[in-house]
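To start, the structure itself, in structure tokens.
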Amino acid sequence: MNLLQILPFIALASASWITFSGVLYISMIDGHTAHQNVGLSNGTLLLQNTTSHFEYYYFGGTLESRGNLSYLVVGPQGKLCLGHLPDRHFSLDMWPINSDHRGVYYYNDRDFELCGDNSVRFQSQCDGARRIQLQFEDI
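If you count the sequence shown from 1, you need to add 32 to reach the numbering used here.
Given below as structure tokens:
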């Protein structure tokens with residue numbers, strides 16, 4: 033068999049295992065540059081001093097919470113929280129390829145919300161909502 037014929041299959045098979053380990057943080061608040069940590073507390077993503085580690089699976093479009101076999105999902109009222117089934121609608125900026133900071137998208141939308149209760153949400157129109165953008169930083 034010709035190597036050129038099987039090369040695409042080899043590339044696809046190896047690419048399906050592409051993962052990134054990292055943490056999430058807020059990089060923009062209402063259009064202004066920021067660097068605010070977000071982490072999990074009682075299963076909800078919140079603005080806080082500590083961070084939580086995630087594994088991003090490129091071809092699955094999922095963010096797995098490292099160490100507890102749960103996934104970041106958009107739950108009721110648009111709240112980013114942990115769930116047992118993966119939410120496959122997350123994506124990260126892949127350009128430039130050597131960057132260790134990547135923009136986070138949900139359904140190809142970069143805008144999230146920081147609510148008055150410090151929870152991070154997506155399209156919820158919560159009380160005190162401020163438009164934010166999330167970054168994934170490789171560790």
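From the three backbone atoms N, C-alpha and C, an ideal C-beta is built for every residue, glycine too.
Q) Buried or exposed: which applies to Arg-120, given that a residue is buried once 16 or more other Cβ atoms fall within 10 Å of its Cβ? A) Taking the sequence shown and counting its residues from 1, one reaches residue 120 at position 88. With fewer than 16 Cβ atoms within 10 Å of its Cβ, Arg-120 is classed as exposed.
Q: State the Cα-Cα distance for the pair Ser-151 and Ile-129, rounded to the nearest angstrom.
A: Here residue 151 refers to the residue found at position 119 when the sequence shown is read from its first residue. Here residue 129 refers to the residue found at position 97 when the sequence shown is read from its first residue. Answer to the nearest angstrom: the Cα atoms are 30 Å apart.
Q: Taking only runs that begin and end inside the segment 62-102, name each unbroken alpha helix (DSSP H) of 4 or more residues, in chain order.
A: none
Q.
On the CB-based measure, 16 or more other CB atoms within 10 Å of its CB, does Ser-84 come out buried or exposed?
A. Reading the sequence shown from its first residue, position 52 is the one you call residue 84. Answer is buried; the Cβ neighbour count reaches 16.
Q: Evaluate the contact criterion for the segment 54-61 versus the segment 158-165: three or more CB pairs, one atom per stretch, below 8 Å.
A: yes
(Q) I need the boundaries of the beta strand (DSSP E) containing Ile-171, first residue and last residue. (A) For this step, residue 171 is matched to residue 139 along the sequence shown. Segment: none, Ile-171 is in no beta strand (DSSP E) and carries neither H nor E.
Q. Under 8 Å, do Phe-168 and Arg-134 count as touching if we go by C-beta distance?
A. Counting from 1 along the sequence shown, the entry for residue 168 is found at position 136. Counting from 1 along the sequence shown, the entry for residue 134 is found at position 102. Closer than 8 Å, so yes.
Q: Would you please state the rounded distance, in angstroms, between the beta carbons of Phe-91 and Gly-54? I believe it to be under 8 Å.
A: Locating residue 91 in the sequence shown gives position 59, where the first residue counts as 1. Locating residue 54 in the sequence shown gives position 22, where the first residue counts as 1. About 17 Å separates the two Cβ atoms, so there is no contact after all.
**Q.** C-alpha distance - Ser-156 paired with Ser-97, whole-angstrom precision
**A.** To locate residue 156, count along the sequence shown from 1; it is residue 124. To locate residue 97, count along the sequence shown from 1; it is residue 65. One C-alpha to the other measures close to 23 Å.
Q.
Taking the beta carbon of Tyr-88 as the centre, do at least 16 other beta carbons fall within 10 Å, making it buried, or is it exposed?
A. Numbered from 1 along the sequence shown, position 56 holds the residue referred to as residue 88. With 16 or more other Cβ atoms within 10 Å, it is buried.
Q | Buried or exposed (CB count within 10 angstroms, at least 16 for buried), Thr-51 | A | Start at 1 with the first residue of the sequence shown, and residue 51 comes out as number 19. By the 10 Å Cβ count, Thr-51 comes out exposed.
Q) Ser-73 to Ser-123, Cα distance in whole Å? A) Counting from one through the sequence shown, the residue named residue 73 turns up at place 41. Counting from one through the sequence shown, the residue named residue 123 turns up at place 91. About 23 Å.
(Q) What does the alpha-carbon distance come out to for the pair Leu-101 and Thr-65? (A) Walking along the sequence shown from the start, residue 101 turns up at place 69. Walking along the sequence shown from the start, residue 65 turns up at place 33. So the two alpha carbons sit approximately 32 Å from each other.
Q: Classify Gln-155 as helix, strand or coil using the three-state DSSP reduction.
A: The residue given as residue 155 occupies position 123 in the sequence shown. Correct three-state label for Gln-155: coil.
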